[in-house]
Each structure stands twice: as structure tokens, then as C-alpha cells.
Amino acid sequence: MNLHFKVKWLHNNYVKDVPPYKGAVPEYPAWFEPFVMQWLNENDDVSLEYLHGAFNRDKKDGFQKSSEHALFSNSVVDVFTQLTQCFDVVSKLECPDPEIWKRYMKRFAKTIVKVLLAYADIVKREFPEHMQEERTACILINNIQQLRVQLEKMFESMGGEKLEEDAANILKELQQSLNGALDELAMQFATSLEPRITQSVKELGDLLLSIKGGGQPGTLNQPAITQSVKELGDLLLSIKGGGQPGTLNQPAQRQAVAVEADEVLRPLMDLLDGSLSLYAETCEKTVLKRLLKELWKIVMRILEKTVVLPPMTDKTMMFKSLTDNAKNLAANTKIEDMSRLFKNHMSGKQDVKNALSGVIDISKEVEKNLSPKQCAVLDVALDTIKLYFHAGGNGLKKNFLDKSPELQSLRYALSLYTQTTDTLIKTFVTSQINEEPTDSQESMGEVSIQVDLFTHPGTGEHKVTVKVVAANDLKWTLVSGMFRPFVEVNLIGPHLSDKKRKFATKSKANNWSPKYNETFNLTEIRHQIQS
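Under UniProt numbering, the sequence shown is numbered contiguously, ending at residue 531.
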């Protein structure tokens with residue numbers, strides 16, 4: 001490399017302006033190209049070694065912020081310092097041959113990919129150990145976001161939109177991979193909070209059921225029924241005709257519902273206030289919004305399952321216990337012993353009472369329902385939660401919140417409480433009639449491949465070459481995370497036990513018409529092969 005710089009200096013000072021060579025592409029870059037490529041290859045190992053050292057130092061120090069105002073740690077700074085130094089060396093060559101310069105940039109882009117993906121893999125591997133320490137977890141996620149920011153700056157310094165196409169595509173694909181890693185970590189971190197959210201939502205549900213008018217639907221006594229009907233009548237009279245079910249008309253009633261909604265939300269808001277305040281302080285803005293999205297989905301999903309559609313409690317197992325006990329009694333006891341058994345073991349004790357109490361509790365659970373007033377309170381609570389996650393424009397967009405499948409599913413489940421049984425049956429039957437039959441032969445896209453089979457005339461050995469060109473128009477709906485399509489090639493036939501029979505292309509992130517251009521070779525295959 002030192003000789004390369006000296007030759008460059010000689011050319012610039014004594015050769016460049018000489019008439020025969022003026023304006024022409026010099027030859028000397030081609031002389032040194034193999035050596036520059038060798039240096040870049042060696043730099044891969046140096047950079048990876050430097051990366052591991054930087055991360056281990058960072059971990060030992062507890063992933064402290066790199067500066068007072070930064071939200072990421074020192075290892076990210078160290079990694080890009082190393083990459084920038086490498087790029088500076090290549091840049092100072094000032095390669096006058098544009099084709100050779102393109103090859104340098106493409107090769108250096110591969111170095112960046114190796115280093116940054118290695119860093120992302122280390123973070124993903126270490127992340128579960130640090131999720132309980134929320135500040136550290138946030139810094140690790142911030143580190144991945146900072147990789148994306150610094151990668152964009154590196155892309156611009158390498159030429160930006162003028163960068164050679166192959167190198168640009170390599171870096172753009174890397175950006176997508178880092179984006180996927182960021183989504184994965186945000187989802188993993190949000191999921192770790194799910195048990196705490198579930199507990200808070202259960203407390204919310206208990207408060208909701210305690211609201212006057214919520215009642216205990218399983219209790220069949222006339223005064224309770226009369227009172228419930230009276231409350232329902234009063235509530236219905238307060239609703240505007242044709243309006244949204246559960247929408248209270250009188251300002252005083254709306255205010256009362258709002259107060260009750262605030263009280264119901266207290267357990268959940270106490271949790272969210274503490275957590276989200278910390279995240280707002282320690283997370284990059286992009287990271288914060290991703291965490292908010294995942295937390296929003298989790299909160300809506302748990303609210304629907306726990307409050308709106310509550311599961312059966314463990315007491316339902318009593319049915320099985322009762323029937324099992326009855327079977328055992330019938331199998332092991334004579335008929336004439338039954339009266340004596342009941343007299344000796346159950347008379348005057350709490351067994352029968354407890355068993356019947358359990359069955360009654362089960363019936364209550366089965367019939368467990370939300371009253372119209374409770375539905376109205378929960379509806380107001382949902383609006384409050386939505387405003388909380390919107391945070392006056394600093395959080396999630398209202399459009400995202402309103403159109404999120406989780407909120408729509410919850411509101412639909414809540415609306416079922418106000419529909420008659422006949423309406424529900426009619427909706428179900430209609431949906432079954434209109435349901436389109438699934439077509440097992442439905443096309444999911446196209447795959448373009450080339451298969452060449454060459455048979456040696458003397459030995460009869462086969463050489464199979466499979467080139468996967470591309471996939472086109474893939475039919476895949478992305479619900480969450482990333483779509484990573486790849487093509488897998490399998491060879492089937494006799495006498496292949498000692499051969500590699502399964503090959504796969506690299507995955508292409510979020511691409512529904514990916515280009516692969518990958519070739520797989522299988523040689524020295526005897527006899528017939530079915531592929």
C-alpha cells in the first residue's frame with residue numbers, strides 16, 4: 001500500500017500533465033488492484049476482531065452512554081471508527097480508474113455487511129440477559145438504530161446515489177436487515193413486559209366488573225333481576241336513538257362514566273406511566289415508536305382476551321373432577337353401599353355444599369357478561385388509552401391507532417354485547433355461506449430456475465447444475481416482522497446418501513420479486529436422478 005501511494009504521488013506530479021498521458025486513465029491502479037483487494041480481505045478479520053473487543057469492553061463497563069447527550073454506547077462508536085479509518089485509506093488512493101474504484105467500493109461494502117451483521121448478531125444473542133434491566137435493554141436497541149444511522153452516513157460518504165449499483169444494493173439490503181433486527185429486538189423487549197401488562201389488565205377487569213350495574217349475571221333472584229332491569233332501562237333511556245351503543249347522552253352521565261373509566265384504568269396507567277416515561281428518556285425516537293407500537297398491540301390483545309372475552313377459570317375443571325369421582329364410585333362400590341357411603345362421608349359436611357357452590361360459580365363464569373354501562377365505561381377507557389399512546393402527536397399517529405387490527409378486533413368483540421342472539425346467529429350463518437372455499441392449487445407466485453444435466457460419455461457420471469434466477473410476484477401477506485423469501489432446492493433419487501442433496505439461496509428481506517442468480521453444482525452422480 002505504501003508503494004501504491006508513492007506511485008500515485010509520482011504520477012500526479014510528473015506524469016499526469018504530460019501530453020501523451022493527459023486526460024487518459026493511468027495504468028498503475030490495475031497494477032495494485034490485487035494488493036488492495038488483499039488488504040481489504042485482511043481488513044475483514046481485523047475489523048471483526050476489533051468489533052468483538054469493543055463489545056466486550058462495552059459489556060464490562062455496563063453499556064454506558066458514549067456521551068452525556070448520546071443514547072447509545074461506546075461499542076457502536078468504536079466499530080464505525082474502525083470502518084471509517086479503513087474507508088479513509090481506500091479513499092486516499094484517489095483511484096483514477098472508475099471501474100477499479102467501483103470494485104473497491106463493492107468489496108468494502110461487503111466488509112461493512114460482515115461487521116454490522118456480526119454486531120447485530122451479538123446484540124441479539126446477548127439481549128435476553130439484559131431485558132430485566134430496562135435501561136440497558138433500551139441502550140442495546142438504540143445501538144442497532146445507531147448502526148442504521150451511521151450506515152446511512154457511510155453510504156453518503158461512499159457516493160450516495162452515485163455509488164456503484166452493486167455496492168449500493170448491498171448496503172440497502174444491509175439496511176433492511178438491520179431494520180429487521182431492530183423490529184425483532186423491539187418485539188422481544190415488549191413481549192417481556194407482557195406478564196406485567198396482563199396482571200394490570202386483570203386488575204382493570206376486576207375494577208370494571210365492580211362498577212354498579214355490572215352485576216353478577218349468574219345470580220337468579222328476583223330482586224337482583226328487577227334491579228338489573230331497572231338499571232338497564234334507565235341506561236337505555238339515556239342513549240340517543242340510533243346512536244352508538246353505550247354512548248351516554250346526559251353530560252352528567254358522561255362525566256360519571258369518564259370518572260369511572262379513569263378509575264378502571266388506574267392499574268394499567270400506573271404501569272404504563274412508569275415504563276413509558278423511562279423509555280421516552282432512554283430510547284431514540286425511532287426505537288420509542290417501535291416499542292409503542294408493540295406495546296399498543298399487546299395491550300389491545302390482552303384487553304380483548306382478558307376483559308372483553310374472559311377465559312374460563314380453573315373451576316371449570318371441577319366438572320371433570322365430579323364426573324371422574326362418580327365413575328370411580330360406580331366402578332368400585334356396590335349399589336347397597338351407596339346410601340351408607342353418602343351417610344358416612346358426606347352427610348353433615350361441606351362436601352356437597354362446596355361441590356354445588358363450585359358448580360354455581362361455574363355457571364356464573366359461563367354467563368359472565370359485561371353490562372351496557374360497563375361496555376360504555378370500557379369504550380371511554382379505550383379512547384383514553386388511545387390518546388395516551390398518541391401523546392399529543394409525540395407518540396403514535398391517530399391513523400395507525402384507529403386502523404390497527406388489534407383495536408378493530410377489540411371494538412368488534414365489544415360490539416357483540418349489544419347485539420341480539422338472533423343477529424349473532426344470522427351474522428355467523430351469513431359468514432359461513434359467503435366464505436370462499438380455499439383453493440389448494442392457488443398460485444403463490446413464480447420461480448425462475450435453470451437446470452442443466454451433463455452426462456459423461458465414458459463414465460456415465462452426471463453433473464447437475466441448478467441456477468435459481470429469481471422469484472416473481474410472490475403472494476404473501478405480511479402481518480408483522482419481515483418477509484424473507486428464499487428458494488430451497490432438493491435433489492431426490494438413489495445413491496445420494498453421501499451427497500449434499502439440499503441447497504438454499506440467501507434470503508431477500510421484504511422483497512416480493514427477489515433476484516437471486518445463485519448456482520448450485522452437484523457432480524459425480526451415478527445412475528438416474530429425479531429432481
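In this text, a Cβ means the ideal position worked out from N, Cα and C, and glycines have one as well.
Fair warning: this is a prediction, and the values are worked out from it, not measured in the lab.
Spatial distance of G246 from Q419 (CA atoms) = Sequence index remark: in the sequence shown, residue 246 carries index 246 (1-based). Sequence index remark: in the sequence shown, residue 419 carries index 419 (1-based). Caution applies to G246, whose pLDDT of 44 falls short of 50 and renders its modelled position unreliable; the model cannot decide the point.
A509, DSSP secondary structure in three states | The residue labelled residue 509 in the question sits at position 509 within the sequence shown. In the three-state DSSP reduction, A509 falls in the coil class, being neither helix nor strand.
Out of Q374, L207, K124, L117, which has the shortest C-alpha to C-alpha gap to R148?
-> The residue given as residue 148 occupies position 148 in the sequence shown. Out of Q374, L207, K124, L117, L117 has the C-alpha closest to the C-alpha of R148.
What number of angstroms, rounded off, separates the C-alpha of Q175 from the C-alpha of G445?
-> Taking the first residue of the sequence shown as 1, we reach residue 175 at position 175. Taking the first residue of the sequence shown as 1, we reach residue 445 at position 445. Their Cα atoms are separated by approximately 26 Å.
Pick from N179, F80, L410, D61: whose alpha carbon is nearest that of Q150?
-> Mapped onto the sequence shown, residue 150 falls at position 150. Selected option, being the one with the closest Cα: F80.
Would a C-beta distance cut-off of 8 Å place D121 and R290 closer than the cut-off?
-> Indexing the sequence shown from 1 puts residue 121 at position 121. Indexing the sequence shown from 1 puts residue 290 at position 290. No, Cβ-Cβ distance for D121 and R290 is not below 8 Å.
Would you call the region 400–419 and the region 298–305 touching, i.e. three or more CB-CB distances under 8 Å?
-> yes
Backbone CA spacing between P20 and T84 [nearest angstrom] | In the sequence shown, the residue the question calls residue 20 occupies position 20. In the sequence shown, the residue the question calls residue 84 occupies position 84. Distance between the alpha carbons of P20 and T84 is about 37 Å.
Applying the criterion that 16 or more other CB atoms from any shown protein chain within 10 Å of the CB defines a buried residue, is residue 532 buried or exposed?
-> Residue 532 lies beyond the range of the chain shown here (1 to 531); nothing can be said about it.
Report back the beta-carbon spacing between V287 and A186 to the nearest angstrom; my notes put them in contact at under 8 Å.
-> The residue given as residue 287 occupies position 287 in the sequence shown. The residue given as residue 186 occupies position 186 in the sequence shown. The Cβ separation is near 7 Å, so the contact holds.
Closest by C-alpha distance to V76, when choosing among Q145, T136, E260 | Residue 76 sits at position 76 when you count from the first residue of the sequence shown. Residue Q145 is the option with its Cα nearest to V76.
Cα separation between V464 and V489?
-> Residue numbering aside, residue 464 sits at position 464 when the sequence shown is read from its first letter. Residue numbering aside, residue 489 sits at position 489 when the sequence shown is read from its first letter. Each residue's alpha carbon lies about 12 Å from the other.
DSSP-derived helix/strand/coil call for E488 = Taking the first residue of the sequence shown as position 1, residue 488 is located at position 488. In the structure shown, E488 sits in a strand (DSSP, three-state: E or B).
Could you check which residue in K172, T477, V113, K59 has the C-alpha nearest to that of L48?
-> Position 48 of the sequence shown, counted from the start, is the residue given in the question as residue 48. Taking only the C-alpha atoms, the option nearest L48 is V113.
Helix, strand or coil for N394 per DSSP?
-> Residue mapping note: residue 394 aligns to position 394 of the sequence shown, counting from 1. DSSP places N394 in coil when its eight states are reduced to three.
Is there contact between the region 149–167 and the region 121–131, where contact requires at least three CB pairs shorter than 8 Å?
-> no
Complete alpha helix (DSSP H) runs within the region 87–132 (minimum length 4 residues, chain order) | Within the region 87–132, the complete alpha helix (DSSP H) segments at least 4 residues long are 98–130, listed from N- to C-terminus.
Taking A470 and S513 to be in contact with their CB atoms under 8 Å, please state how far apart those CB atoms are, rounded to whole angstroms.
-> As a working note, residue 470 is residue 470 in the sequence shown. As a working note, residue 513 is residue 513 in the sequence shown. Confirmed, Cβ separation roughly 7 Å.
For A70, three-class secondary structure by DSSP | Within the sequence shown, residue 70 is the residue found at index 70, counting from 1. Residue state for A70 is assigned as coil, using DSSP reduced to three classes.
Taking only the alpha-carbon atoms, compute the straight-line gap between K60 and F35 and give it to the nearest angstrom.
-> For the purposes of this step, residue 60 is identified with residue 60 of the sequence shown, where counting begins at 1. For the purposes of this step, residue 35 is identified with residue 35 of the sequence shown, where counting begins at 1. Between K60 and F35, the C-alpha separation is close to 38 Å.
Per-residue DSSP class, three states only, for N517 = The residue you call residue 517 lines up with position 517 of the sequence shown. In this structure, N517 counts as strand in the three-state DSSP scheme.
Contact set for D402: own chain, Cβ-Cβ below 6 Å, skip 5 residues either direction | Working through the sequence shown from its first residue, we reach residue 402 at position 402. Residues of the same chain with their beta carbon placed closer than 6 Å to that of D402 are lacking, with the five preceding and five following residues left out of the count.
Note the first and the last residue of the continuous alpha helix (DSSP H) segment covering L193.
-> As a working note, residue 193 is residue 193 in the sequence shown. Careful: L193 lies outside any alpha helix (DSSP H) and carries neither H nor E.
How would you write the range of the alpha helix (DSSP H) that F155 sits in, first residue to last?
-> To locate residue 155, count along the sequence shown from 1; it is residue 155. Here the alpha helix (DSSP H) through F155 covers 134–157.
Confirm, please, whether the CB-CB distance from L268 to Q374 is below 8 Å.
-> For this step, residue 374 is matched to residue 374 along the sequence shown. For this step, residue 268 is matched to residue 268 along the sequence shown. Going by C-beta atoms, Q374 is not nearer than 8 Å to L268.
I449 bridges to which residues according to DSSP?
-> To locate residue 449, count along the sequence shown from 1; it is residue 449. DSSP output for I449 lists V468 as bridge partner(s).
Is F454 buried or exposed, if buried means 16 or more other CB atoms sit within 10 Å of its CB?
-> The sequence position of residue 454 within the sequence shown is 454, counting from 1. Classification of F454: exposed, given that the 10 Å Cβ count is below 16.
Comparing alpha-carbon positions, which option in A181, G159, F155 lies nearest K172?
-> Here the question's residue 172 lines up with position 172 in the sequence shown. Checked all of A181, G159, F155; the closest Cα to K172 is F155.
Thinking C-alpha only, which one of F520, E33, T423, N179 is nearest K502?
-> Start at 1 with the first residue of the sequence shown, and residue 502 comes out as number 502. If we check each option's Cα against that of K502, F520 comes out closest.
Cα-Cα separation between A30 and K124, rounded to whole angstroms | As a first step, residue 30 must be located in the sequence shown, where it is residue number 30. As a first step, residue 124 must be located in the sequence shown, where it is residue number 124. Taking the straight line from one Cα to the other gives about 41 Å.
Give the straight-line distance between the Cα atoms of V264 and L204, rounded to the nearest whole angstrom.
-> Locating residue 264 in the sequence shown gives position 264, counting from the first residue. Locating residue 204 in the sequence shown gives position 204, counting from the first residue. When rounded, the distance between both Cα atoms is 5 Å.
Can the beta-carbon of N143 be found closer than 8 Å to that of S73?
-> Here residue 143 corresponds to residue number 143 of the sequence shown, with the count starting at 1. Here residue 73 corresponds to residue number 73 of the sequence shown, with the count starting at 1. Yes, Cβ-Cβ distance for N143 and S73 is below 8 Å.
Under the three-state DSSP convention, the category F63 falls into | The count along the sequence shown starts at 1 and reaches residue 63 at position 63. Coil, per DSSP.
From the DSSP output, in three-state form, read off T418 for me.
-> Translated into positions along the sequence shown, residue 418 becomes position 418. Helix, per DSSP.
State yes or no: is the C-beta of V468 within less than 8 Å of the C-beta of T505?
-> Looking up residue 468 in the sequence shown gives position 468. Looking up residue 505 in the sequence shown gives position 505. The answer is yes: Cβ separation under 8 Å.
Please classify K373: does DSSP put it in a helix, a strand, or coil?
-> In the sequence shown, residue 373 corresponds to position 373, counting from 1. Helix.
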